[in-house]
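Trainee: In the numbering used here, the protein residues as written are 4 to 154.
From the three backbone atoms N, C-alpha and C, an ideal C-beta is built for every residue, glycine too.
All values reported here derive from a predicted model rather than from experimental measurement.
Starting off with a structure, shown below.
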């Protein structure tokens, strides 16, 4: 669990930086290879790029696929500070990521158990191990601070 905490710390720092630098919701994501090395680090870029699909998870998966010259990410792990939405859950399944690690639950748009569970749906095309709640309090507090200042 120490490695997961360390990776989540890095994702949280990236998310906070995105907020401070370009006003995006502070969500960070890391794509890890099977040995646990970081392949890509990404943040929400919806505001920066004016792109509604530029969630941290999507950006990390895109960058990882480009770095590896392969869209199939079997054996790879995605670490993200917030429970993925339906779009991101679909991308995780389509990319064949083997493990998802996330921090805070998203009671409004979460698609890994909060609102729906696309990742563990028995009809899903691939199977993804899910580890939830890693540094969840820290992630939740960062998001609460962001939204309190945004309002």
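In whole angstroms, what separates the C-alpha of residue 66 from that of residue 120?
Mentor: For residue 66 and residue 120, the distance between alpha carbons rounds to 25 Å.
Trainee: Quick test of the definition: if touching needs 3 or more C-beta pairs under 8 Å, does the segment 117 to 137 touch the segment 48 to 56?
Mentor: Short answer: they don't touch.
Trainee: Cβ of residue 15 within 9 Å of Cβ of residue 104?
Mentor: No, they are not a contact pair.
Trainee: May I ask you to list the residues that DSSP assigns as paired with residue 120?
Mentor: According to DSSP, which records beta bridges pairwise, residue 120 is partnered with 115.
Trainee: Mind checking if residue 114 is an interface residue toward chain D, Cβ cutoff 9 Å exclusive?
Mentor: In summary, chain D is missing from the structure at hand, where a single protein chain is found.
Trainee: Considering just the uninterrupted stretch of the beta strand (DSSP E) at residue 41, what are its terminal residues?
Mentor: 41 to 46 is the span of the beta strand (DSSP E), which, as asked, contains residue 41.
Trainee: Return helix, strand or coil for residue 60, following the three-state DSSP convention.
Mentor: In the structure shown, residue 60 sits in a helix (DSSP, three-state: H, G or I).
Trainee: Closest to residue 144 by C-alpha separation, out of 85, 57, 71, 45, would be which residue?
Mentor: For residue 144, the nearest C-alpha among the options comes from 85.
Trainee: Please state if the CB of residue 99 and the CB of residue 133 are separated by a distance shorter than 9 Å.
Mentor: No. Outside cutoff.
Trainee: Whose C-beta lies closer than 7 Å to the C-beta of residue 112 among residues of the same chain, with five residues either side of it excluded?
Mentor: Taken in chain order, the residues that qualify are 88, 118.
Trainee: Using C-beta distances below 8 Å, list every residue in its chain close to residue 115, excluding the 5 sequence neighbours before and after it, in chain order.
Mentor: 86, 87, 92, 103, 105, 121, 122, 123, 133, 135, listed in sequence order.
Trainee: DSSP on residue 95, reduced to helix/strand/coil?
Mentor: Three-state DSSP puts residue 95 in a helix.
Trainee: Quick one: what does DSSP say residue 145 is sitting in, helix, strand or coil?
Mentor: Helix.
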